[in-house]
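Structure first, commentary second.
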């Protein structure tokens, strides 16, 4: 069992996120521990927690979001999940806290989400410092033994799709702003990237792009930034959303601060990533085989190809350790020039790709390791912002009628 704890300040956002999953058929609320009434609306669930949090208004970080992730080999029914959650909460000192338990079905491995607060009924704040490193780890080991679960160390060897929970943005399918907020916030929170191109390599996996505008534009000069949904060819579609309008306000100024921190934070992963990629490279006879092999290791290469079909850049996204490196930063033998020299590029030249578009292998995502569970994405609203293509078409029809009249 792999456990992950995230603390935050928005109980409403976390509950709405899980409830949205329920509404989409991707999750089920299987327990409301500590609630006198079980069948209540979403707003009432949020209010119940907020009333408790008001007992200690000085504590701003008062939301706890936990995910318990099990191996695909673990066969666990709903009742057992409830027992495990209750024992886990007791193990971390939260046995008297109310909580919502959601079972999610959006990835290959069984997992649940627990939403609670660290403010007790007496108004006392429950200490969360080192909660994950100490109490959670002890509880996790005990539960693995008690329920005969696959141990976390073994679970990390099993392959499941890590990126599936973050649904790719599709223009017109869902509200643009909430889709972008969902993806951008999760990526920025969990990945280590040191430049805007590196961030865009990651975001591209989810059909999202951060754009500064053309170098001569006022937006570029004023350090503006917008986020857009990408279509299947990597082109920006729909109305872009200003960075300051998204939930976490991922402006360029904030990103630049992260660039500096992430540059150092991702260094420990460089050597191992280099060895893994190099080990696969020597075994491959084609770019397709190289890409397919890397994906089984949770690594996604993004190739940059110019209008003449020449491979001029490559970025490696490590979706296991959630960091990204340019090929040249990992070593000359992993750079775009080295790959172009090693492999016959005729198959790349014949593929119709837009600039900056990745080479896809069989159009499929590959399974990767589960050591970093995702989905802890606090959203604060699901209100509609941009008109869908259908709504836009209806507006055009009305304008035409007015002109005729």
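In full-length UniProt numbering, the protein residues as written are 1 to 405. From the three backbone atoms N, C-alpha and C, an ideal C-beta is built for every residue, glycine too. As the structure is a computational prediction, the values presented were derived from the model and not from experiment.
- If the five residues before and after residue 45 are omitted, its C-beta is found closer than 6 Å to the C-beta atoms of 15, all from its own chain and listed in chain order.
- Within the same chain, and ignoring the five residues on either side of residue 262 in sequence, the residues whose Cβ sits closer than 7 Å to its Cβ are 192, 193 and 194.
- Only residues of its own chain outside the window of five on either side were considered, and among them 276 have a CB closer than 6 Å to the CB of residue 297, listed in chain order.
- Bounds of the beta strand (DSSP E) holding residue 305 are 299-305.
- In this structure residue 233 is exposed. Its beta-carbon is surrounded by fewer than 16 other beta-carbon atoms within 10 angstroms.
- Per DSSP, the unbroken alpha helix (DSSP H) holding residue 80 starts and ends at 78-91.
- When C-beta atoms of the region 238-249 are compared with those of the region 271-287, fewer than three pairs fall below 8 Å, so the two segments do not count as touching.
- Taking a cut-off of 8 Å for Cβ pairs, the region 209-216 and the region 282-296 do not touch, as fewer than three such pairs fall below it.
- Approximately 29 Å separates the beta-carbon atoms of residue 27 and residue 129; this is outside 8 Å, ruling out the contact.
- For residue 326, the closest C-alpha among the options 86, 33 and 300 is that of 300.
- Residue 99 counts as buried, since at least 16 other C-beta atoms from the protein chains shown sit within 10 angstroms of its C-beta.
- For residue 4, the enclosing beta strand (DSSP E) has its first and last residue at 2-8.
- Within the region 183-259, complete alpha helix (DSSP H) segments of at least 4 residues are found at 196-203 and 218-221, given in chain order.
- In its chain, beyond the 5 residues on either side, 191, 192, 266 and 269 have a beta carbon closer than 7 Å to the beta carbon of residue 323.
- Ranked by Cα distance from residue 131, the first of 89, 150 and 143 is 89.
- Residue 274 sits in a helix when the DSSP states are folded into three classes.
- Unbroken alpha helix (DSSP H) runs of no fewer than 4 residues, entirely contained in the UniProt domain "MobA/VirD2-like nuclease" (17-149), are found at 42-53, 78-91 and 137-146, following chain order.
- For residue 110, the closest of 84, 134 and 125 by C-alpha to C-alpha distance is 84.
- Within the same chain, 1, 84, 87, 88, 91 and 149 come within 8 Å of residue 143 by CB-CB distance, once the 5 residues on both sides are set aside.
- The criterion of a C-beta distance shorter than 8 Å is satisfied by residue 229 and residue 176.
- By the neighbour-count criterion, in which 16 or more other beta carbons inside 10 Å mark a residue as buried, residue 79 falls on the exposed side.
- Three or more Cβ pairs closer than 8 Å define a contact, and the region 308-317 falls short of that threshold against the region 179-188.
- DSSP lists 299 and 323 as the beta-bridge partner residues of residue 318.
- Counted as a single uninterrupted DSSP element, the alpha helix (DSSP H) harbouring residue 342 occupies residues 336-342.
- A direct Cα-to-Cα measurement between residue 226 and residue 52 gives close to 38 Å.
- As the crow flies, the alpha-carbon of residue 134 is around 26 Å from that of residue 188.
- A check of alpha carbon separations from residue 222 across 153, 237, 252 and 201 identifies 252 as the nearest.
- Residue pairing from DSSP places residue 311 in a beta bridge opposite 305.
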